[in-house]
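The structure appears right after this line, and notes come after that.
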Amino acid sequence: MRVTQMLIPTLREVPAEADTISHQLLLRAGMVRKVAAGIYTLLPLGNRVVRKIEEIVREEMDRAGGVELLLPIVQPAELWHQTGRWDVYGPEMFRLKDRHGRDFCLGPTHEELITYLFSQEVKSYRQLPLLLYQINNKYRDERRPRFGLMRGREFIMKDLYSFDKDEDGLAVSYQKMYDAYSRVFSRCGLRFRAVEADAGAIGGDHSHEFMVIADTGEAELTYCPVCDYASNVEKTPCHYQASEEKEEAGILQLVATPGARTVEDVASYLKLDPTKVLKSLFYKVDGKLIVVLVRGDRLVNEVKVLNYLNATHLEIADEREMDELGIPMGFAGPVGLRERTAVTILGDLETKDLYNAVAGANQKEYHYINVNPGRDYQVDYYGDFRVAVEGDPCPHCGTGLKVQRGIEVGHIFKLRTKYSEAMGATILDEQGKERPVIMGCYGIGVTRTMAAAVEQSHDQDGIIWPVSIAPFEVVLMAVNQRDPQLAGYAEELYHHFVGAGIDVLFDDRNERPGVKFKDADLIGYPARVVIGKKMLSDGLVEIKWRSSGEITYKKMDEVAAYLQETLSSMKS
RNA sequence: CGGGGUGUGGCGUAGUUUGGUAGCGCGCUUGGUUUGGGACCAAGAGGUCGGGAGUUCAAAUCUCCCCACCCCGACCA
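Per our numbering, the first sequence starts with residue 7, numbered consecutively.
What follows is the structure, encoded as structure tokens:
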């Protein structure tokens, strides 16, 4: 391919709309363009990256026994009514009506369609296991699309669904996918970690996320530097050990704390450590208000609270809702709360040992000091409700955990019979007995993986693509395209490369070398091959590697072999 | 959805406070010179100033309404 035949609109300046690195670089490198919030055009180079990722995914899905098919994007509401998700999914689903007024949606996911297909076509355990997948667009009307391709409203996803006759079969399918995912992300040249995850609203009880390690990632994860434990921080259990020493309980006292609303304010006003503060947060869970107590320096783990209460929806209470209870925001506390309201009080286990603490007095500008559990307030349920932090013990081996940030690019679930039961997807087993098929669901965000790769691998000058997913592995140019001799050698080498099967882009533009070098760095081709003065004087071609900056010279007839060898070693 | 912000040629922006009819850099076109890290000279093209309504002799600038986009939060296989 020649640059003069392509469309590669690179940008010198950073578009004002982008402040995520990957978004900026993908725009500047001429790979993507925004059409609307969260909706993007993939330009030729971006499209090539996506196709390379898809190809790796395809190969690994096939290797694991997956079979590709293609489900429709436009889906009838009827199928979603069968699982009840038409009403549950909410405003995140793009909905539309056809000319007859019938309801449809643009598929945000495809469990309904695949389960429907299965229920129509597969009847016997003898046809199992079955692993069906597709690579297709997904549509989610996110409340707030952001970070460019990272969280779009239209995006490309690979989704595979496993069908097994029993739990053992599901375990095998799940492990196959776990292994396949590890291979996919390794082959994409990414540093990643598979972590235990919360299964969330999709249901199921066993789940892993694949996180690309990047400081800019939205998710936080914990991992053990000694054993193989790793987990989304939402899921990391916090070990609780009852404290040995028990402080002498002081006298409960009301003290004025004017203007001190946050834990830090209160702690510094009273000259105390934040660990001596009892943080009381009101949440609305499935429409009901509850209170969660944690130590002042801790964060409430909302997922743990949600799971403990077996609820589906949780949000922090707003000032209006607090007002209705007559509790001033910033001064909430458990003392006397029972007498005023019927809210459920959850206490993090650590608060059991929080003696002589400071807590809001439920009146404006006042806190209590010397607050003690049992004596001054009662908790309905104690449990693990806080977010784990660096240094908390590993749940497997007790070593201090480390914390990292990551970008979720893959997620695998055991769905079991949630959808098969709802949609009557049953099979006949060996005894001729009808039973719901056991399902698993496995997703990879393809476009997000592209963005994650950039997020993880770039420098001041631009993107540094891993070889396996680079838009082209090699860019070739003459330092002066006007010089007939140099241009002639470049042309010759180009044909030679094409003949040798090298994935090469020939920058044949009549631009000054600086322009072409800058573009090459920005776009991030792994190898840059330049025909310059050394060609005329010594018959040598220059090869520069994007990732290391290393430069070597080779004779014209050696270049192709050198590139092939080095590139293939970089892929593994 | 709550809070904050921004909309001016393709990109980045000045001008808005104090109304007087739009400027700069990059990019683009043509000609010439140039060719190892985003060249130079010359001549050009390109703007309903996000949209609508209003105030005014006069609106990018003031008022009202709407829209889009961005950021924080909430939300999220």
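Here a beta-carbon is modelled for each residue, glycine too, at the ideal position from N, C-alpha and C.
For D279, no beta strand (DSSP E) encloses it, and the DSSP letter there is neither H nor E.
The C-alpha of I444 lies about 11 Å from the C-alpha of Y180. The beta carbon of Y187 lies closer than 6 Å to those of F216, G416 in the same chain, with the five residues before and after it left out. Sorting V460, P472, L299, I333 by C-alpha distance to the C-alpha of V377 places L299 at the top. Note that the stretch 429–439 does not touch the stretch 262–272; fewer than 3 beta-carbon pairs, one per stretch, sit closer than 8 Å.
DSSP, reduced to helix, strand and coil, places D170 within a strand of the structure shown. Per DSSP, the unbroken beta strand (DSSP E) holding V38 starts and ends at 38–42. Taking a cut-off of 8 Å on C-beta distances, the stretch 543–561 does not touch the stretch 51–71, as fewer than three cross pairs fall below it. In this structure, DSSP gives F124 a helical state, which the three-state scheme calls helix. When C-alpha distances from S578 are compared across V473, V452, K171, S463, the shortest belongs to V473. In the DSSP assignment, M328 falls within the alpha helix (DSSP H) that extends over 325–331. One alpha carbon belongs to L284, the other to T572, and they sit about 59 Å apart. Secondary structure within the stretch 234–285: the alpha helix (DSSP H) runs of 4 or more consecutive residues, fully enclosed, are 269–275 (chain order). No Cβ-Cβ contact shorter than 8 Å links N316 with G339.
L569 sits close to I508, with the two beta carbons spaced by under 8 Å. The straight-line gap separating the alpha-carbon atoms of V395 and K539 is approximately 57 Å. In this structure, L13 and A35 do not form a Cβ contact; the two beta carbons are roughly 12 Å apart against a cut-off of 8 Å. Under the three-pair Cβ rule at 8 Å, the stretch 399–418 counts as touching the stretch 211–231. Residue pairing of K408 in beta bridges, as defined by DSSP: Y229.
Between the beta-carbon of D221 and that of S213 there is about 24 Å, and that puts the pair past the 8 Å contact cut.
In terms of Cα proximity to F337, the closest of A262, R515, F153, V480 is A262. For T558, the enclosing beta strand (DSSP E) begins and ends at 557–561.
T357 sits away from I296, with the two beta carbons spaced by 8 Å or more. Residue burial annotation: Y167 is buried, with at least 16 other C-beta atoms found within 10 angstroms of its C-beta. Annotation: the continuous alpha helix (DSSP H) that includes P50 extends over 50–69. Shown here, M217 sits in a strand according to DSSP, grouped into three states. Per the C-alpha coordinates, the member of E98, V201, V218, A200 positioned closest to Q462 is V218. Proximity of the stretch 83–90 to the stretch 129–144 falls short of the contact definition, fewer than three beta-carbon pairs being nearer than 8 Å. The three-state reading of DSSP puts R132 in helix, counting H, G and I together. Secondary structure in the stretch 345–387: no alpha helix (DSSP H) run of 4 residues or longer lies completely within the stretch. Nearest to V385 by C-alpha distance, out of V393, R344, T47, is R344. Membership of Q81 in the beta strand (DSSP E) is indicated by the continuous run 80–82.
Assigned with DSSP and collapsed to three states, V309 falls in helix. Partner residues in the beta bridge of Y145, as assigned by DSSP, are E160. Collapsing the DSSP output to three states places M483 in a strand.
Contact between the stretch 168–176 and the stretch 439–453 is present: three or more C-beta pairs spanning the two stretches fall below 8 Å.
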